[in-house]
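Engineer: In UniProt numbering, the protein residues as written are 1 to 694.
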Amino acid sequence: MTETVTITRDGEIAIVTIDNPPVNALGFGVREPLQKALETLTGDASVAGIVLACAGRTFVAGADITEFGKPKQRPELRDIIETLEAIRKPTVAAIHGAALGGGLELALGCHFRIADKGAKLGLPEVKLGLVPGAGGTVRLPRLVGPSKALKMIVSGAPVPADVALASALVDAISESSLLANAVAFARDKAASGVAAAPVRNRGGQIIGADLAAFDADAAELARKARGLEAPLACAQSVRNAITLPFDEALAAERELFTKLVSGDQSRAQRHLFFAEREATKVPGVGKEVAPREIRRVGVIGAGTMGGGIAMAFVNGGIPVTLLEMNREALDRGLATIEKNYAISVSRGSLSEDAKAGRMALFAPTTDYADLAECDLVIEAVFEDMAVKREVFSKLDAVAKPTAILATNTSYLDVNEIAASTSRPQDVLGLHFFSPANVMKLLEIVRGEKTAPDVLATALGVAKRIGKVPVVVGVCHGFVGNRMLSARSADAENLLLEGASPDEIDKVFTGFGWPMGPFQMYDLAGLDIGWRNRKARGQLAVIADRLCEQGRFGQKTGKGFYLYENGSRTPVPDPEVTQLIEDSARERGVSRRAVPAGEIIERTLYPMVNEGTKILEEGIAARASDIDIVWTNGYGFPVGKGGPMFWADFEGLPKIIERLEYWHGGNGKDVFRPSALLKRIAAEGSPLSTFVGNG
Ligand code: T1G
1 MTETVTITRD GEIAIVTIDN PPVNALGFGV REPLQKALET LTGDASVAGI
51 VLACAGRTFV AGADITEFGK PKQRPELRDI IETLEAIRKP TVAAIHGAAL
101 GGGLELALGC HFRIADKGAK LGLPEVKLGL VPGAGGTVRL PRLVGPSKAL
151 KMIVSGAPVP ADVALASALV DAISESSLLA NAVAFARDKA ASGVAAAPVR
201 NRGGQIIGAD LAAFDADAAE LARKARGLEA PLACAQSVRN AITLPFDEAL
251 AAERELFTKL VSGDQSRAQR HLFFAEREAT KVPGVGKEVA PREIRRVGVI
301 GAGTMGGGIA MAFVNGGIPV TLLEMNREAL DRGLATIEKN YAISVSRGSL
351 SEDAKAGRMA LFAPTTDYAD LAECDLVIEA VFEDMAVKRE VFSKLDAVAK
401 PTAILATNTS YLDVNEIAAS TSRPQDVLGL HFFSPANVMK LLEIVRGEKT
451 APDVLATALG VAKRIGKVPV VVGVCHGFVG NRMLSARSAD AENLLLEGAS
501 PDEIDKVFTG FGWPMGPFQM YDLAGLDIGW RNRKARGQLA VIADRLCEQG
551 RFGQKTGKGF YLYENGSRTP VPDPEVTQLI EDSARERGVS RRAVPAGEII
601 ERTLYPMVNE GTKILEEGIA ARASDIDIVW TNGYGFPVGK GGPMFWADFE
651 GLPKIIERLE YWHGGNGKDV FRPSALLKRI AAEGSPLSTF VGNG
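And the structure:
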């Protein structure tokens, strides 16, 4: 077995190298030999300085998340950092790839940090429902200042090397030969004879910090926490760095970490961390399946979805040929894209040069022949099967033989679309979520004939453009929208029986959703659902009446709510209340106060149940894939881990009992508990770890 920690020498400088693929996580198997190595070097008089480096593709990516929840094994990371800080000789961290979480905390235990120019540094623990647990909230503010530390730690977002240099998080950037530069840096510091001060003794950025400004920043960040505990704990821990002596702040951080790591929210968010990676492991699409090269993407349709999809690829550095029916529609689409980038520039999240660079990656056209050079073409045209089939038969005629042809359909049968080409093996669905340049989720819809290398290519390009992919099978609405239909199947009855749109939406936002179903309908536009229902001969009493009055939601200033003077803030509308009451009276429905628990039972339980039917049918391979769909595409609160993980907490027997109760009352199939749900509950197994044959 290869050594996870080795010591080599470059003269009087010792190099400690961690080698623990794939990301040098600081498991016990690394910590123990690392502690021994540092203790050995501390006492070695021939060593004048120490460089801490990593083999492989990255510096330490953090503590080993798989160890959480298991018995602690010493030395813990904080013991190692204390050992590092006690070393009088200059210690230098040589950072390449990413120094994240415990990896950055380890580097903060060194006197100096040298970063490769492409490196990134961050404390993403908040995304796992945690605070940094090895001194990050106490040391980082001492280097970069409380305000920058607060933003880095509460967002969990890494910073690139140049930003790290500008904020004194790193002491130098290495354009090349990182290790040699780090050794030279250590040598210079050793030769200078000046004792290097550990980060814990650097209080300059802390003393006199503006606590009022800090508290104002923290309050603003807290408003976005939406029931998550970790962001608040992170802010408190950074505040402690300002107000408490170092060791007290360290102890307080430890206390917060210990509380959070055993809490439900962190367990939910750690479940999602691994679930996201599991979702990319697709049966029949192993590492041996070579993806096709994607050098240029074609997007058909420059409307809301097409424009957003085109931006998603351009943002990933991939040139896009953007096709529309006519020049006027094309110019309108390009103008919207330009405006979106201009907003990013005005917000400071994009430079003018970067905006120009991205706009230069668009090749607009109204000629299908120009798609001939594209390696992947995605259509985002009108959601109508006849239109899609026509587009694909035209595509089939012009696209190159190795091209992948994708549909962005939200509901329609990908196999039927594929059948309109001579190459169904090259066809799949790439279902983006609006706004496509922002929303993370990408449902990769696998057709019956879709070739493995086409799926491998889609998974690779998804990662390249920063999307979170989940491979799903073909059914109406795939995974997300099919479950969304189940979630709203009984919503109108709840309105008729006495729950107002506002009451229902408040139950959802109280649960942790960014908005409730009725606010969501008003945002998306009621006319979309109205058109779908008419196409399928379905009725929705209240929504249909609202649409007949032209109340399509935010875009018409009124829907389930009122939106006064172009505001996006929903205001309950007495006219809607009256319409609901009239509809109830016409149907002889007696109205009553509907408890919050009933609203959850009649919306989220059918949604969970539909998820188990999706698993039974093999439309999703794993229950955790469904959790990834819902937390990345629909705002299911990450602190609850997704519908499947949450169902385990809610209790499967209770869910079944309530589903059967409501099924007895209204006979709706969405309330009929699936055989799989009943089997898993009877076995006493967790739903969230179920793996099917999808
Ligand atoms: N622990 C255990 N396994 C990890 C891991 C970690 N920290 N990071 C990644 N893996 C596994 C991952 O599950 C996958 O496994 C493989 O490595 C490749 O990962 C005390 C408490 C570094 C940017 O949150 O962000 O430190 O699927 O597919 O796309 O304060 O991994 O192959 O079996 O993601 O190239 C804080 C988490 C931990 C960083 C690389 N650190 N990792 O991305 O590869 S908590 C993090 C990442 C902590 C301290 C606290 C990414 C990456 P498998 P990958 P990638």
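Note that CB positions come from ideal geometry on N, CA and C, so glycine has one too.
Is it buried or exposed, Thr2, if we count other Cβ atoms within 10 angstroms and call 16 or more buried?
Structural biologist: Walking along the sequence shown from the start, residue 2 turns up at place 2. Exposed is the call here.
Engineer: Could you name each continuous alpha helix (DSSP H) segment of 4 residues or more that falls completely within the segment 351-422, going from the start of the chain to the end?
Structural biologist: 352-359, 385-398, 414-418
Engineer: Inspect the beta-carbon positions of Glu383 and Ser410 and report whether they are closer than 8 Å.
Structural biologist: Against the sequence shown, residue 383 aligns to sequence position 383. Against the sequence shown, residue 410 aligns to sequence position 410. Yes. Within cutoff.
Engineer: Tell me where the beta strand (DSSP E) around Cys234 begins and ends.
Structural biologist: Start at 1 with the first residue of the sequence shown, and residue 234 comes out as number 234. Segment 230-243 is the alpha helix (DSSP H) holding Cys234; no beta strand (DSSP E) there.
Engineer: Only counting runs of 4 or more residues, tell me where the alpha helix (DSSP H) segments fall wholly within the segment 257-298, in order along the chain.
Structural biologist: Assignment of alpha helix (DSSP H) within the segment 257-298, counting only whole runs of 4 or more residues, yields 264-278 in chain order.
Engineer: Would the C-beta of Pro283 count as close to ligand 2, meaning under 7 Å from any of its heavy atoms?
Structural biologist: This structure lacks ligand 2; its bound ligands are ligand 1.
Engineer: From this set, Val608, Ala621, Asn666, Gly692, which residue's C-alpha is nearest Ile656's C-alpha?
Structural biologist: Mapped onto the sequence shown, residue 656 falls at position 656. Out of Val608, Ala621, Asn666, Gly692, Val608 has the C-alpha closest to the C-alpha of Ile656.
Engineer: Starting from Val131, trace the beta strand (DSSP E) in both directions and tell me its first and last residue.
Structural biologist: As a first step, residue 131 must be located in the sequence shown, where it is residue number 131. First-last for Val131: undefined, no H or E at that position.
Engineer: In this structure, what does DSSP give as the bridge partners for Ala115?
Structural biologist: Along the sequence shown, read from residue 1 onward, the residue named residue 115 stands at position 115. Paired residue(s): Ile95, Ile173.
Engineer: Ala53: buried (16+ other C-beta within 10 angstroms of its C-beta) or exposed?
Structural biologist: Translated into positions along the sequence shown, residue 53 becomes position 53. Classification for Ala53: buried.
Engineer: Assuming Val507 is part of the alpha helix (DSSP H), what are its boundary residues?
Structural biologist: Mapped onto the sequence shown, residue 507 falls at position 507. Per DSSP, Val507 belongs to the alpha helix (DSSP H) from 501-511.
Engineer: For Ala195, I'd like the list of residues in its chain whose CB is within less than 8 Å of its CB, leaving aside the five on either flank, ordered along the chain.
Structural biologist: For the purposes of this step, residue 195 is taken as the residue at position 195 of the sequence shown. Closer than 8 Å at the Cβ level, and outside the excluded window around Ala195, lie Arg88.
Engineer: Can you list, in chain order, the residues of its chain with a C-beta nearer than 7 Å to that of Lys394? Leave out the 5 residues immediately preceding and following it.
Structural biologist: Sequence index remark: in the sequence shown, residue 394 carries index 394 (1-based). Correct list, in chain order: Tyr368.
Engineer: For Cys54, which of helix, strand or coil comes out of DSSP?
Structural biologist: Within the sequence shown, residue 54 is the residue found at index 54, counting from 1. Assigned with DSSP and collapsed to three states, Cys54 falls in strand.
Engineer: For the 8 Å Cβ check, are there 3 or more pairs between the segment 317-337 and the segment 450-457?
Structural biologist: Between the segment 317-337 and the segment 450-457 there are fewer than three C-beta pairs closer than 8 Å, too few to call the two in contact.
Engineer: Just to confirm the assignment, what range does the beta strand (DSSP E) spanning Asp10 have?
Structural biologist: Position 10 of the sequence shown holds residue 10. Its beta strand (DSSP E) spans residues 5-10.
Engineer: How big is the Cα-Cα spacing for Gly136 and Met311?
Structural biologist: Numbered from 1 along the sequence shown, position 136 holds the residue referred to as residue 136. Numbered from 1 along the sequence shown, position 311 holds the residue referred to as residue 311. About 35 Å.
Engineer: Take Ile173 and list the residues in its own chain whose beta-carbon comes closer than 6 Å to its own, dropping the five residues that flank it on each side.
Structural biologist: Within the sequence shown, residue 173 is the residue found at index 173, counting from 1. Cβ neighbours of Ile173 beyond the five flanking positions: Ala115, Lys117, Ala161, Leu165.
Engineer: State the CB to CB distance for the pair Val398 and Ala372, rounded to an integer number of angstroms; the pair is presumed to be in contact (CB under 8 Å).
Structural biologist: By one-based count along the sequence shown, residue 398 stands at place 398. By one-based count along the sequence shown, residue 372 stands at place 372. 5 Å between Cβ atoms; contact.
Engineer: If you pair each beta-carbon of the segment 429-441 with each one of the segment 300-318, do three or more pairs fall below 8 Å?
Structural biologist: yes
Engineer: According to the Cβ coordinates, are Gly553 and Tyr521 closer than 8 Å?
Structural biologist: If you number the sequence shown from 1, residue 553 lands on position 553. If you number the sequence shown from 1, residue 521 lands on position 521. The answer is yes: Cβ separation under 8 Å.
Engineer: Run the proximity test for Pro132: is its beta-carbon closer than 7 Å to any non-hydrogen atom belonging to ligand 1?
Structural biologist: One-based indexing of the sequence shown puts residue 132 at position 132. Yes, the beta carbon of Pro132 sits closer than 7 Å to at least one heavy atom of ligand 1.
Engineer: Among Arg226, Ala623, Thr280, whose alpha-carbon lies nearest the alpha-carbon of Ile444?
Structural biologist: Within the sequence shown, numbered from 1, the residue matching residue 444 stands at position 444. Comparing Cα positions, the closest option is Thr280.
Engineer: Give me, in chain order, the residues of the same chain whose beta-carbon lies closer than 6 Å to that of Asn693; leave out the 5 immediate sequence neighbours on both sides.
Structural biologist: Your numbering for residue 693 matches position 693 in the sequence shown. Excluding residues up to 5 positions away in sequence, Gly618 lie with their Cβ nearer than 6 Å to the Cβ of Asn693 in the same chain.
Engineer: For Gly49, does the three-state DSSP call read helix, strand or coil?
Structural biologist: One-based indexing of the sequence shown puts residue 49 at position 49. Residue state, collapsed to three classes: strand.
Engineer: Which residues in the same chain have their Cβ closer than 7 Å to the Cβ of Thr509, if we skip the five residues on either side of it in sequence?
Structural biologist: For this step, residue 509 is matched to residue 509 along the sequence shown. Close CB contacts of Thr509 within its chain, under the 7 Å cut and outside five residues either way in sequence, are with Met515, Gly516 (chain order).
Engineer: Could you give the C-beta distance for Glu253 and Val60, rounded to a whole number, given that I count them as a contact under 8 Å?
Structural biologist: In the sequence shown, counting from the first residue as 1, residue 253 sits at position 253. In the sequence shown, counting from the first residue as 1, residue 60 sits at position 60. Actually they do not touch by this definition, with Cβ atoms about 19 Å apart.
Engineer: Between which two residues does the beta strand (DSSP E) harbouring Leu441 extend?
Structural biologist: Start at 1 with the first residue of the sequence shown, and residue 441 comes out as number 441. Where Leu441 is concerned, the enclosing beta strand (DSSP E) stretches over 441-445.
Engineer: Thinking just about the alpha-carbon of each residue, which of Leu106, Gly62, Arg239 is nearest to the one in Val154?
Structural biologist: What you label residue 154 is simply residue 154 of the sequence shown in a count that begins at 1. For Val154, the nearest C-alpha among the options comes from Arg239.
Engineer: Kindly indicate which residue of Thr556, Trp513, Gln538 has the alpha-carbon position closest to the one of Gly525.
Structural biologist: Position 525 of the sequence shown, counted from the start, is the residue given in the question as residue 525. Measuring from the Cα of Gly525, the nearest candidate turns out to be Thr556.
Engineer: Per DSSP, what are the beta-bridge partners of Ile600 in this structure?
Structural biologist: Residue numbering aside, residue 600 sits at position 600 when the sequence shown is read from its first letter. According to DSSP, Ile600 bridges with nothing at all.
Engineer: Quick check: is any heavy atom of ligand 1 less than 7 Å from the C-beta of Glu253?
Structural biologist: Counting from 1 along the sequence shown, the entry for residue 253 is found at position 253. No.
Engineer: Determine the contact status of Leu84 and Arg31, defining contact as a CB-CB distance below 8 Å.
Structural biologist: Taking the sequence shown and counting its residues from 1, one reaches residue 84 at position 84. Taking the sequence shown and counting its residues from 1, one reaches residue 31 at position 31. Not in contact: Leu84 and Arg31 (Cβ atoms no closer than 8 Å).
Engineer: For the segment 472-480 against the segment 613-629, do three or more pairs of beta-carbon atoms, one drawn from each stretch, fall closer than 8 Å, so that the two count as touching?
Structural biologist: yes
Engineer: Going along the chain, which unbroken runs of the alpha helix (DSSP H) with 4 or more residues stay wholly within the segment 623-661?
Structural biologist: 623-633, 643-650
Engineer: Would Gln269 and Gly56 be called neighbours here (beta carbons separated by less than 8 Å)?
Structural biologist: Here residue 269 corresponds to residue number 269 of the sequence shown, with the count starting at 1. Here residue 56 corresponds to residue number 56 of the sequence shown, with the count starting at 1. Contact flag unset, no.
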